[in-house]
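Written out below as structure tokens is the structure these notes cover.
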Amino acid sequence: MCKDCLRQLPSVNEIKDLVLSKESGLSSSLLSNAVKEELDKFRGHIFDGIFCIPKKNTPLGKEFLDKVVELVLNNLKIANRHNLRPVVNATGIVLHTNLGRAPMSNIVAQNIASVAQNYSTLEYNLISGDRGSRYAHVEELICKITGAEAALVVNNNAAAVLLILSALAVHPKNEIIVSRGELVEIGGSFRIPDIMSLGGAVLKEVGTTNKTKLNDYEGAISKKTAAILKVHTSNFKVVGFSHEEGIANLKLLSKKHKIPLVYDFGSGMLDEYEPKLIDENYVLQAIKDGVDLICFSGDKLLGGPQCGIIAGTKEFVERIKKHQLTRVLRVDKLCLSALEPLLRLYLDKERAKDEIPVLKMLSFSILDLENRAKDLYEILDKSKPTHLKIKIVKLDGQVGGGSAPTLNLLSFGIEVYSDKLKINEIEKTLREYDTPIISRIKNDRVLLDVRTIFDYQFSIISNAISIL
Ligand SMILES: *Cc1c(COP(=O)(O)O)cnc(C)c1O
Numbered sequence: 147m148c149k150d151c152l153r154q155l156p157s158v159n160e161i162k163d164l165v166l167s168k169e170s171g172l173s174s175s176l177l178s179n180a181v182k183e184e185l186d187k188f189r190g191h192i193f194d195g196i197f198c199i200p201k202k203n204t205p206l207g208k209e210f211l212d213k214v215v216e217l218v219l220n221n222l223k224i225a226n227r228h229n230l231r232p233v234v235n236a237t238g239i240v241l242h243t244n245l246g247r248a249p250m251s252n253i254v255a256q257n258i259a260s261v262a263q264n265y266s267t268l269e270y271n272l273i274s275g276d277r278g279s280r281y282a283h284v285e286e287l288i289c290k291i292t293g294a295e296a297a298l299v300v301n302n303n304a305a306a307v308l309l310i311l312s313a314l315a316v317h318p319k320n321e322i323i324v325s326r327g328e329l330v331e332i333g334g335s336f337r338i339p340d341i342m343s344l345g346g347a348v349l350k351e352v353g354t355t356n357k358t359k360l361n362d363y364e365g366a367i368s369k370k371t372a373a374i375l376k377v378h379t380s381n382f383k384v385v386g387f388s389h390e391e392g393i394a395n396l397k398l399l400s401k402k403h404k405i406p407l408v409y410d411f412g413s414g415m416l417d418e419y420e421p422k423l424i425d426e427n428y429v430l431q432a433i434k435d436g437v438d439l440i441c442f443s444g445d446k447l448l449g450g451p452q453c454g455i456i457a458g459t460k461e462f463v464e465r466i467k468k469h470q471l472t473r474v475l476r477v478d479k480l481c482l483s484a485l486e487p488l489l490r491l492y493l494d495k496e497r498a499k500d501e502i503p504v505l506k507m508l509s510f511s512i513l514d515l516e517n518r519a520k521d522l523y524e525i526l527d528k529s530k531p532t533h534l535k536i537k538i539v540k541l542d543g544q545v546g547g548g549s550a551p552t553l554n555l556l557s558f559g560i561e562v563y564s565d566k567l568k569i570n571e572i573e574k575t576l577r578e579y580d581t582p583i584i585s586r587i588k589n590d591r592v593l594l595d596v597r598t599i600f601d602y603q604f605s606i607i608s609n610a611i612s613i614l
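Count along the sequence shown from 1, then add 146; that gives the number in this note's numbering.
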């Protein structure tokens with residue numbers, strides 16, 4: 147060990163002053179800790195004899211001080227970074243559950259911020275000056291845009307299904323009829339048979355995996371039947387020799403036997419758009435076809451916050467509202483502050499397509515996407531190091547979030563590779579960038595799909611590429 151070295155080690159205050167001269171406004175105590183930590187590391191290196199500190203007032207000594215300052219600033223930056231923070235989604239998967247499903251529009255984000263920072267009308271009725279209902283802010287809107295008589299919002303769609311089953315399946319009428327082709331697992335261990343037993347319902351399976359007909363359902367109806375449940379097989383499709391009954395036909399049975407018809411719709415595409423965004427069923431159509439209760443996610447194709455929307459007839463929605471679980475599964479003010487402005491956007495169909503990011507991403511034409519890929523290419527071409535190769539390519543994307551599993555969303559993007567770096571290193575550097583960029587690797591190329599990248603993020607990618 148070099149004794150002289152220890153004496154050369156700068157003091158905490160010396161480094162603090164240098165850091166503050168570069169970046170003012172840092173918390174003094176957090177800064178002291180960061181400096182101590184960094185100096186301790188060097189002290190360790192000196193004791194281990196692997197480092198010798200250059201003399202003060204020499205060019206090397208100054209270089210050393212600059213280095214310590216830079217390390218401290220960098221450590222502070224990393225320590226202050228939030229764990230939950232925005233990323234660039236370059237995967238092309240519009241509803242990426244791991245990346246937070248639906249991004250929200252600016253109009254929605256502004257309302258969240260303003261409700262969050264103030265007291266609000268959450269459960270206050272301004273007309274009577276009395277207690278109000280938190281659900282009143284959105285119930286009428288949901289009814290208006292879906293055509294339902296009544297509605298309720300809970301924590302997520304899994305909660306909505308559990309609540310509906312719990313409220314409808316009450317002994318001795320506790321059997322719920324479901325097609326064997328619809329006993330699905332959604333992911334994150336949400337399985338229809340398990341959620342049934344949790345809700346106190348007895349599962350009455352009918353039909354087969356690939357074919358279930360109306361008389362299969364009818365044969366299972368008894369005095370114990372509480373409901374017929376249809377489940378949207380969101381994340382897989384049975385193709386070929388297959389048959390499932392639609393809501394309109396099931397309604398004939400439900401009406402004849404006076405049994406409620408329930409539809410777990412999951413992805414919740416509200417209505418058809420021109421041109422068709424996605425080949426799906428629609429909430430509006432299911433309600434028109436006479437479903438008694440429908441539930442769907444707020445953060446899938448609806449494009450809003452995490453929640454489960456239950457809509458249907460007054461009779462059944464009222465029954466659900468009275469159930470004890472409704473209080474357990476209630477949504478908070480931040481959810482409602484996002485949902486209300488989102489629903490208002492749906493009052494104008496064209497505006498919805500322009501303002502709701504999920505719908506906008508799905509409605510890009512292939513030409514839009516090709517042009518955006520060209521724009522991104524030009525920006526990257528200016529900033530990229532020479533060893534990096536980029537090319538505009540045609541890509542297959544997915545809707546994601548367990549929606550439209552067989553739909554291949556043709557898209558455009560940029561493929562990236564290098565003569566110098568391994569493909570995994572490129573992917574990792576992008577992922578570990580200040581604003582992480584999440585990409586895909588295919589055939590030894592990093593792929594950046596422009597469908598899910600916002601225009602303003604092109605410059606983030608360009609900055610990240612420039613350091614490769
Ligand atoms: C996604 C989905 C669910 C679960 O919804 P969450 O909002 O994720 O809780 C339930 N049922 C179906 C059919 C789904 O697609």
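Positions of the beta carbon are idealized from the N, C-alpha and C atoms, including for glycine.
Q: Would you mind working out which of 298, 490, 503 sits nearest residue 473, comparing C-alpha positions?
A: Locating residue 473 in the sequence shown gives position 327, where the first residue counts as 1. With distances taken between Cα atoms, residue 473 lies closest to 298.
Q) Should residue 242 be listed as close to ligand 3, given that the test is whether its C-beta is under 7 Å from any heavy atom? A) For ligand 3, the structure offers nothing, since it holds only ligand 1.
Q.
Between 344, 481, 224, 292, which has its C-alpha nearest residue 313's C-alpha?
A. In the sequence shown, residue 313 corresponds to position 167, counting from 1. That would be 344, whose Cα lies nearest to the Cα of residue 313.
**Q.** CB contact flag (residue 289, residue 296, <8 Å)
**A.** Residue 289 sits at position 143 when you count from the first residue of the sequence shown. Residue 296 sits at position 150 when you count from the first residue of the sequence shown. Yes; because the gap between Cβ atoms is below 8 Å, this pair is in contact.
Q: Going by CA-CA distance only, name the one from 598, 394, 576, 184 that's closest to residue 505.
A: What you label residue 505 is simply residue 359 of the sequence shown in a count that begins at 1. Per the C-alpha coordinates, the member of 598, 394, 576, 184 positioned closest to residue 505 is 598.
Q. Using DSSP with H/G/I as helix, E/B as strand and the rest coil, what is residue 454?
A. Within the sequence shown, the letter at position 308 stands for residue 454. Three-state result, residue 454: strand.
Q) Which same chain residues, not among the five before or five after residue 529, have their C-beta less than 8 Å away from its C-beta? A) To locate residue 529, count along the sequence shown from 1; it is residue 383. Cβ neighbours of residue 529 beyond the five flanking positions: 608, 609, 611, 612.
Q: Using only the heavy atoms of ligand 1, determine whether one of them is closer than 7 Å to the beta carbon of residue 302.
A: In the sequence shown, the residue the question calls residue 302 occupies position 156. Yes, ligand 1 has a heavy atom inside 7 Å of this Cβ.
Q. Starting from residue 560 and walking both ways along the beta strand (DSSP E), at which residues does that stretch end?
A. For the purposes of this step, residue 560 is taken as the residue at position 414 of the sequence shown. First-last of the beta strand (DSSP E) with residue 560: 555-564.
Q) Near residue 126, which residues of its chain fall below 6 Å by C-beta distance, leaving aside the five closest residues on each side in sequence? A) This structure leaves residue 126 out entirely; the chain is present only between 147 and 614.
Q) Pairing CB atoms from the stretch 435-451 with CB atoms from the stretch 409-422, are three or more of them under 8 Å? A) Output reads yes: the stretch 409-422 touches the stretch 435-451.
Q.
Taking the alpha-carbon of residue 443 as reference, which of 437, 219, 418, 453 has the nearest alpha-carbon?
A. Indexing the sequence shown from 1 puts residue 443 at position 297. Of the listed residues, the one whose Cα sits closest to residue 443 is 453.
Q. Skipping 5 residues on each side, what residues in its chain have a beta carbon closer than 6 Å to that of residue 161?
A. As a first step, residue 161 must be located in the sequence shown, where it is residue number 15. Once the five neighbours on either side are set aside, the close Cβ partners of residue 161 are 181, 214.
**Q.** Beta-carbon proximity list for residue 499, same chain, < 7 Å, skipping 5 on both sides
**A.** Start at 1 with the first residue of the sequence shown, and residue 499 comes out as number 353. Around residue 499: 419, 505, 506, 509.
Q. Where are the beta strand (DSSP E) runs, 3 residues long or more, that stay fully inside the stretch 407-453, in chain order?
A. 407-412, 439-443
Q) Expressed to the nearest angstrom, what Euclidean distance is found between the alpha-carbon atoms of residue 475 and residue 397? A) Here the question's residue 475 lines up with position 329 in the sequence shown. Here the question's residue 397 lines up with position 251 in the sequence shown. Taking the straight line from one Cα to the other gives about 29 Å.
Q. Any idea what DSSP makes of residue 616, helix, strand or coil?
A. Nothing about residue 616 can be read from this structure; the chain reaches only from 147 to 614.
(Q) Tell me which residues share the same chain as residue 561 and place their Cβ nearer than 6 Å to its Cβ, disregarding the 5 neighbours each side in the sequence. (A) Along the sequence shown, one-based indexing puts residue 561 at 415. Hits under 6 Å: 537, 539, 591, 593.
Q: Please state if the CB of residue 322 and the CB of residue 360 are separated by a distance shorter than 8 Å.
A: To locate residue 360, count along the sequence shown from 1; it is residue 214. To locate residue 322, count along the sequence shown from 1; it is residue 176. The answer is no: Cβ separation not under 8 Å.
Q.
ligand 1 and residue 478: does any heavy atom of the ligand fall closer than 7 Å to the residue's C-beta?
A. Your numbering for residue 478 matches position 332 in the sequence shown. Result no, Cβ not under 7 Å from ligand 1.
Q. Considering only residues of the same chain and omitting the five flanking positions on each side of residue 354, which have a CB-CB separation below 8 Å?
A. As a first step, residue 354 is located in the sequence shown; it is residue number 208 there, counting from the start. Correct list, in chain order: 326, 327.
Q: Could you please give the first and the last residue of the uninterrupted alpha helix (DSSP H) stretch that includes residue 174?
A: Taking the first residue of the sequence shown as 1, we reach residue 174 at position 28. It spans 174-193 - the alpha helix (DSSP H) in which residue 174 sits, taken as one unbroken run.
(Q) If contact is defined by three or more beta carbon pairs under 8 Å, each pair taking one atom from either stretch, is the stretch 223-233 in contact with the stretch 186-197? (A) no
Q: Within 10 angstroms of the Cβ of residue 573, are there 16 or more other Cβ atoms? Answer buried if so, exposed if not.
A: Residue 573 sits at position 427 when you count from the first residue of the sequence shown. In the assembly as shown, residue 573 is a buried residue. Its beta-carbon has 16 or more other beta-carbons within 10 Å.
Q | Nearest-angstrom Cβ-Cβ length linking residue 557 and residue 380, presumed shorter than 8 Å | A | In the sequence shown, counting from the first residue as 1, residue 557 sits at position 411. In the sequence shown, counting from the first residue as 1, residue 380 sits at position 234. Not a contact, Cβ separation roughly 21 Å.
Q: Name the two residues that bound the continuous beta strand (DSSP E) containing residue 534.
A: Within the sequence shown, the letter at position 388 stands for residue 534. From DSSP, the beta strand (DSSP E) with residue 534 extends over 534-546.
Q.
From the DSSP secondary-structure annotation, give me the bridge partner or partners of residue 297.
A. Counting from 1 along the sequence shown, the entry for residue 297 is found at position 151. DSSP, once it has assigned bridges, lists 457 as partnering residue 297.
**Q.** Per-residue DSSP class, three states only, for residue 624
**A.** Examination of residue 624 is not possible in this model, given that the chain is present from 147 through 614 alone.
Q. Taking residue 150 as the reference, which of 356, 177, 201 has the closest Cα?
A. As a working mapping, residue 150 is identified with position 4 in the sequence shown. Taking only the C-alpha atoms, the option nearest residue 150 is 201.
Q) Which word fits residue 188, buried or exposed, when buried means at least 16 other C-beta atoms lie within 10 angstroms of its C-beta? A) Locating residue 188 in the sequence shown gives position 42, counting from the first residue. By the neighbour-count rule (16 or more Cβ atoms within 10 Å), residue 188 is buried.
Q. Quick one: what's residue 277 bridged to in DSSP?
A. Reading the sequence shown from its first residue, position 131 is the one you call residue 277. Residue 277 pairs with 270.
**Q.** 6 Å Cβ shell around residue 543 - same chain, five flanking residues per side excluded
**A.** To locate residue 543, count along the sequence shown from 1; it is residue 397. Sequence-distant Cβ neighbours of residue 543 in its own chain, meaning closer than 6 Å and more than five residues away, are 238, 555, 557, 595, 597.
Q | Cβ neighbours of residue 257 in the same chain (closer than 8 Å, five flanking residues each side left out) | A | As a first step, residue 257 must be located in the sequence shown, where it is residue number 111. Same-chain partners within the cutoff: 483, 484, 486, 487.
**Q.** residue 410 beta carbon near ligand 1 (any heavy atom closer than 7 Å)
**A.** Locating residue 410 in the sequence shown gives position 264, where the first residue counts as 1. Because some heavy atom of ligand 1 lies under 7 Å away, the Cβ of residue 410 counts as near it: yes.
Q. So which of 496, 388, 335, 456 has the shortest CA-CA distance to residue 357?
A. In the sequence shown, residue 357 corresponds to position 211, counting from 1. Among 496, 388, 335, 456, the Cα nearest to that of residue 357 belongs to 388.
Q) Which of the three DSSP states, helix, strand or coil, is assigned to residue 291? A) Taking the sequence shown and counting its residues from 1, one reaches residue 291 at position 145. Note: residue 291 maps to helix in three-state DSSP.
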